[in-house]
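Note that UniProt numbering numbers the sequence shown so that position 326 is 326, with each residue one more than the last.
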Amino acid sequence: MRSFFRTTYRWTIRGMKLAVFGTIVGIVGIIGVLIYAITQGPPSLMTEQNTVFYGTDGEIIGEEQGAEERYWINIEEMPESIKDATLAIEDRRFYNHFGFDVKRIAAAALTDLKQMRMAEGASTITQQYARNLYLSHDKTWKRKLNEALYALRLEIFYNKDEILEGYLNTIYYGHGAYGIEAASRQYFNKHAADLTLTEASMLAGIPKGPTYYSPLANAERAETRQQQILAEMEQNGYITSSEKRAAVEASISYADGEEDATQEIAPYFQDQVVTEAAQLLEVDRESVQTGGYHIHTTLIEEHQRILEEQVKRNIPGSEEIQVASAVMNSHSGAITALVGGKDYGESPFNRATQAKRSVGSTIKPFLYYAALAEGYSPVTMKETQPVEIEVEGKTEPYVPSNFNDQYAEEPISMAQALAVSDNIYAVKTHMDIGPEKLGKTMKTFGVEETFKPHPSLALGYSSISLFDMVSAYGKMVKGTESIEGHTIAKITDRHGNVLYEYQPAYNKDDAVDRVRAFTVTHMMTGMFDPILDADYASVTGTPIKGKLTRMYGGKSGTTDNDSWMIGFSPQYVSGVWVGYDEGSKPLKDFNDHRYAKAIWADTMEKIHETEPTAAFIPPPGVKGVYIDPETGYVAGPNCPQERLVYMEESDIPEDVCGGDESKDVDDEFKDDPWFKDVVDWFF
């Protein structure tokens, strides 16, 4: 008997020691796990999410996504009904545990032991969220261990609302919809914030078996699950019995599955937004599409509608010829409309941003900007007879020509040469100031191409994208290098944190000269002024002059294969290119050559219908002077015709047209009020 008690005592002591040891090991193990979890830092809550685009009015214009529909909304935007329904059916003690529901785990473990397999789960919302974020759905002990570690890290570093928010934004609701916002749109074509109790309780039942419990797959089974959830909500005090009864009796209607029409708004523009966002955020395009960003764009939907309508109205759908066009705010550089082709469905290639084509005479304003720095003025006179120019390394000379081989019988001014697009004047000026000057000037205006200092550069035989040319014209009109053509005003993450916001950037080392820019800008209004018609050529805006109801400036350009029109008002710059995708295919007939100007004129007139009449304000350093277009002299009282020209005061000619050459030029203008320059421009 004594031996029995001795043995029993010995085993008791041994058991107590083992228990103490086990407890110590357990405590050490728990501390070790906690230390490990803490040292690993907070796990990222980021998952693939739809990126949403907004127009300038704050309305959604489109979305980008990965393989699934995903959105992220804040927990404050979710109705209480979906939160309560989810907690009632998935994890009633969510706010009272630390990621693990011990009671449910014990009950599930007992069931698993009885059946000798992992038959029942006891995962909390935290554990499910961890599995959705980082793990597979395999029922293995290794996965369970990793899940527990991730769940622990979530509970350590995030509060309960953050975890519930993440769970409801990532759980799978079937039919490709991840998260409550995507599910709400998928099933009911509404935002999650607008869900009724009936709809919320139906959605809350789906994640248990997205295919099995989908109301679109089996309505009867889904309704049974819904009623179970409503009963749980009543039992746990989330709703009253009358609210439950009303939810059960309420009818429910599902979306018809039609694609949201906003997906079709400005598809070429949206493509450019993705490209631009990837550059700004320094990520790839796919990361933009699935990053859950909120991108506030510069699109004005009315401008986009007008531009698309004018393209369709002016170019028959049966024509093979293609088009690219953009509208830009003259003051900010914001692109308000963009078309990269006639039909995005047929060809998503963005000809406005991706194609580089010979720009023709649209390059001439930059040539004359460079010439103004070399002693030229708007009234610098040159003869424009045929000329041969020797080119280094070439056996044959370069021989430029005017349209239809027509030339002036006498010298013409720079202002007139630009208005009628005289090629000889341009090439002579180009070679006179040095053929490298134009290439440098283009870089000042933001065009980062490689320009060979060849005589033909003056006639635009270098290839540049329409987007870059419109941006360059914007710098000229604004008189500063600070504005840049852009489609994005602001980017935020899904929580509203600002990741990027557009700000103009100034370049002190290579700045645009405001005086020269304004001088050229005003000279470009001459393409619509018949006063500048020459005997051998009309101003290039003559075909569309009758369509225009206010002051515009601009420049057209034509090569064998390309037709351009870029023009502006004080409010907007717009550019149009027309040509064939095969770069070597020439423009065919009169219609091919007229499309660009017609689209430009119709678009600008429609856009400006609601805009007030506006004027450019000349900067200090320029003077508005009436000039005789034929001689380049200051227009006197008896001069038969006159044209307002802006130039530096030191460049104003001393000679006066009209038989009064002895009259002092300063006397002609000394009594002008200070606002006359503005009034002259305005009218």
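For every residue, glycine included, the Cβ atom is placed at its ideal position computed from N, Cα and C.
Note that the coordinates shown come from a computational prediction; the quantities given were computed from them, not determined experimentally.
Spatial neighbours of residue i in its chain, beta-carbon cut-off 7 Å, leaving aside the 5 residues before and after
{"i": "R550", "result": "S569, H608, T613"}
{"i": "A247", "result": "L197, T198, S201, L230"}
{"i": "P435", "result": "P453, H454, P455, L457"}
{"i": "D161", "result": "I75"}
{"i": "K478", "result": "S330, H331"}
{"i": "H137", "result": "The predicted model places H137 with a pLDDT of 44, which falls under 50 and marks its position as unreliable; any figure quoted below should be read in that light. Cβ neighbours of H137 beyond the five flanking positions: R131."}
{"i": "M381", "result": "P411, I412, S413, G632"}
{"i": "W628", "result": "According to the sequence provided, residue 628 is Asp. The question's Trp does not apply to it. A635, C639, Q641, E642, C657."}
{"i": "Q235", "result": "none"}
First through last residue of the alpha helix (DSSP H) which encompasses residue i
{"i": "Q503", "result": "Counting along the chain, Q503 falls outside any alpha helix (DSSP H), and DSSP gives it neither H nor E."}
{"i": "W72", "result": "It is not in any alpha helix (DSSP H) - W72 carries neither H nor E in the DSSP assignment."}
{"i": "G554", "result": "Here G554 belongs to no alpha helix (DSSP H); instead the beta strand (DSSP E) covers 553-558."}
{"i": "G624", "result": "Where G624 is concerned, there is no enclosing alpha helix (DSSP H), although the beta strand (DSSP E) it sits in stretches over 623-627."}
{"i": "N423", "result": "423-433"}
{"i": "T444", "result": "436-444"}
{"i": "A246", "result": "241-249"}
{"i": "S184", "result": "180-188"}
{"i": "R516", "result": "514-523"}
Proximity below 8 Å, CB of residue i to CB of residue j
{"i": "H294", "j": "Y54", "result": "yes"}
{"i": "E59", "j": "N50", "result": "no"}
{"i": "P79", "j": "L195", "result": "yes"}
{"i": "G557", "j": "T362", "result": "yes"}
{"i": "Y536", "j": "Q641", "result": "no"}
{"i": "T290", "j": "T487", "result": "no"}
{"i": "residue 687", "j": "G333", "result": "With the chain running from 1 to 683 in the structure shown, residue 687 is simply not present."}
{"i": "M414", "j": "Y369", "result": "no"}
{"i": "G439", "j": "F451", "result": "yes"}
{"i": "Q310", "j": "D602", "result": "yes"}
{"i": "M523", "j": "T540", "result": "no"}
{"i": "R494", "j": "P543", "result": "no"}
{"i": "A534", "j": "Q385", "result": "no"}
{"i": "L203", "j": "A219", "result": "no"}
{"i": "Y502", "j": "A489", "result": "yes"}
{"i": "P210", "j": "Y254", "result": "no"}
CA nearest to the CA of residue i, picked from the options
{"i": "residue 684", "options": "F188, K342, K606, Y376", "result": "Since the first and last residues shown for the chain are 1 and 683, residue 684 lies out of range."}
{"i": "I300", "options": "E346, Q322, N329, S318", "result": "N329"}
{"i": "H175", "options": "P400, Y150, I206", "result": "I206"}
{"i": "Y238", "options": "M647, S81, D651", "result": "S81"}
{"i": "E388", "options": "E448, Y398, K394", "result": "Y398"}
{"i": "G553", "options": "S538, E392, M476", "result": "M476"}
{"i": "Y71", "options": "T170, E481, E654", "result": "T170"}
{"i": "V427", "options": "E320, K364, S584, E374", "result": "K364"}
{"i": "Y212", "options": "A222, A204, E264", "result": "A222"}
{"i": "A266", "options": "F590, E308, Y506, L418", "result": "E308"}
{"i": "E630", "options": "D284, A408, V283", "result": "A408"}
{"i": "residue 692", "options": "T521, L548, L216", "result": "Residue 692 cannot be examined here, being either before or after the span of the chain that is shown, 1 to 683."}
{"i": "L532", "options": "V379, E396, E448, Y129", "result": "V379"}
{"i": "S421", "options": "M431, I433, N404", "result": "N404"}
{"i": "A615", "options": "Q227, T525, P530", "result": "T525"}
{"i": "P619", "options": "E320, R514, L587", "result": "R514"}
Own chain residues within Cβ distance below 6 Å of residue i, not counting five before or after
{"i": "A324", "result": "G340, R351, A352, L466, W577"}
{"i": "Y500", "result": "L280, I491"}
{"i": "T559", "result": "S358, G360"}
{"i": "Y506", "result": "S482"}
{"i": "D581", "result": "Q322"}
Cβ neighbours of residue i in the same chain (closer than 8 Å, five flanking residues each side left out)
{"i": "A326", "result": "I335, A337, L338, V339, A352, L466, F467, V470, G485, S574, G575"}
{"i": "I125", "result": "T86, L87, E90, D91, F94, I163, L164, Y167"}
{"i": "K83", "result": "I75, L164, L168"}
{"i": "F669", "result": "For F669, the predicted model reports a pLDDT of 46, less than 50, meaning its position is unreliable; a value from the coordinates is still stated below. Cβ neighbours of F669 beyond the five flanking positions: K623, V625."}
{"i": "G446", "result": "D468, S471, A472, K475, E481, E484"}
{"i": "I306", "result": "A337, T603, K606, I607"}
{"i": "M647", "result": "S377, P378, V379, T519, V622, K623, V625"}
{"i": "Q571", "result": "N329, S330, H331, H608, E611, A614"}
{"i": "R117", "result": "At R117 the pLDDT is 47, less than 50, meaning the model places this residue with poor confidence; the figure from the coordinates comes in the next sentence. Within the same chain, R117 has no close Cβ partners at all."}
Continuous beta strand (DSSP E) stretch holding residue i: start and end
{"i": "G575", "result": "572-579"}
{"i": "D562", "result": "562-568"}
{"i": "Q289", "result": "Segment 285-289 is the alpha helix (DSSP H) holding Q289; no beta strand (DSSP E) there."}
{"i": "K588", "result": "First-last for K588: undefined, no H or E at that position."}
{"i": "E63", "result": "60-64"}
Contact with chain B by residue i, beta-carbon distance below 8 Å
{"i": "K342", "result": "The question asks about chain B, but that chain is absent: this structure has only one protein chain."}
ask   = Is the segment 239-246 in contact with the segment 264-281, if contact means three or more CB pairs nearer than 8 Å?
value = no
ask   = For the 8 Å Cβ check, are there 3 or more pairs between the segment 148-162 and the segment 185-193?
value = no
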